[in-house]
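S.K.: Pasting a structure below so you can have a look.
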Amino acid sequence: MARIPLPENSENPGSHNRYLVRYVSLPGFLNPDECMQLIDSKGAFHQAKVVAQQSGDVQLSLNERKTDTKSIEDNPETHWIYQRLRETLVRLNRQTFCFQLKRFSAPEILRYEPGGFYAPHTDLGKGETSSRKLSAVALLSPPESYVGGELVFYPRFAPCPREQGTLFLFPTYLMHEVKPVNQGQRYTLVTWVHGPCLR
Numbered sequence: 006m007a008r009i010p011l012p013e014n015s016e017n018p019g020s021h022n023r024y025l026v027r028y029v030s031l032p033g034f035l036n037p038d039e040c041m042q043l044i045d046s047k048g049a050f051h052q053a054k055v056v057a058q059q060s061g062d063v064q065l066s067l068n069e070r071k072t073d074t075k076s077i078e079d080n081p082e083t084h085w086i087y088q089r090l091r092e093t094l095v096r097l098n099r100q101t102f103c104f105q106l107k108r109f110s111a112p113e114i115l116r117y118e119p120g121g122f123y124a125p126h127t128d129l130g131k132g133e134t135s136s137r138k139l140s141a142v143a144l145l146s147p148p149e150s151y152v153g154g155e156l157v158f159y160p161r162f163a164p165c166p167r168e169q170g171t172l173f174l175f176p177t178y179l180m181h182e183v184k185p186v187n188q189g190q191r192y193t194l195v196t197w198v199h200g201p202c203l204r
């Protein structure tokens with residue numbers, strides 16, 4: 006898995022932090038043309054797997070997750086999204102979570118077709134996932150192009166906004182899910198930001 010370093014001192018500690026149990030959103034992180042460029046980027050989709058939180062094993066579990074994924078490699082055609090993620094993730098973290106961060110994973114495109122979903126889960130576990138501090142999700146599909154597929158965080162249960170190009174950033178320990186897609190296709194860009202393990 007690719008490891009993309011972040012600038013040192015990407016955190017700004019404070020005496021209290023109201024963001025530790027919520028997500029932040031950034032509308033307009035991507036414009037519609039950029040969303041389509043990422044959806045159409047090179048690479049083949051394959052069935053996404055899950056990381057078992059107890060063992061850290063990567064396995065296929067259609068009871069927990071049904072979606073396809075492809076990685077976005079850093080090349081001249083895609084370097085812009087790496088650069089934008091790097092700048093945006095550092096800035097949002099400084100303004101909100103104030104975590105100590107070191108790098109982010111190579112971004113992936115997720116495709117949810119009818120019947121696709123991701124059951125309630127966190128993005129933190131054993132092995133490689135133990136150093137995940139923040140999760141980032143950008144909505145690539147126009148909201149009118151699919152039915153269902155809501156991103157929901159617990160314990161609030163309220164679906165997140167669906168505007169195309171919006172970025173959501175949240176601590177990896179927050180429970181969340183993607184509701185089943187009933188019609189159309191839902192595409193998202195995802196990455197995880199790593200740092201020293203939470204203590």
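When the sequence shown is numbered by the numbering used here, its final residue is 204 and no position is left out of the sequence of numbers.
Think of the CB as a built atom: it goes at the ideal place given N, C-alpha and C, for glycine as much as any other residue.
My understanding is that W197 touches S140, with C-beta atoms under 8 Å, so please give their C-beta distance in whole angstroms.
M.R.: Confirmed, Cβ separation roughly 6 Å.
S.K.: In the region 83-169, which residue ranges form an unbroken beta strand (DSSP E) of at least 3 residues, counting only runs that do not cross its ends?
M.R.: Qualifying beta strand (DSSP E) stretches, in chain order: 108-110, 113-117, 122-126, 137-144, 151-153 and 156-158.
S.K.: My output table needs one value for D79: the three-state DSSP class, helix, strand or coil.
M.R.: Note: D79 maps to coil in three-state DSSP.
S.K.: For C40, does the count of other Cβ atoms within 10 angstroms reach 16, so buried, or fall short, so exposed?
M.R.: C40 comes out buried.
S.K.: Less than 8 Å between the C-beta atoms of T193 and P32, yes or no?
M.R.: Not in contact: T193 and P32 (Cβ atoms no closer than 8 Å).
S.K.: Tell whether a beta-carbon distance below 8 Å holds between F158 and H181.
M.R.: Cβ atoms of F158 and H181: closer than 8 Å.
S.K.: With burial defined as no fewer than 16 other Cβ atoms inside 10 Å of the residue's Cβ, what is the status of S146: buried or exposed?
M.R.: The residue is buried, with at least 16 neighbouring Cβ atoms inside 10 Å.
S.K.: Let me check understanding here. Comparing Cα to Cα, which of E69, T177 and N187 lies closest to P125?
M.R.: Checking every option, the nearest Cα to that of P125 belongs to E69.
S.K.: Tell me whether G176 is buried or exposed, calling it buried when 16 or more other Cβ atoms sit within 10 Å of its Cβ.
M.R.: First, the residue type needs correcting, since residue 176 is Pro and not Gly in the sequence shown. It counts as buried.
S.K.: Determine the closest residue to E113 out of Y178, E155, A143 and E149, with distance taken between C-alpha atoms.
M.R.: If we check each option's Cα against that of E113, A143 comes out closest.
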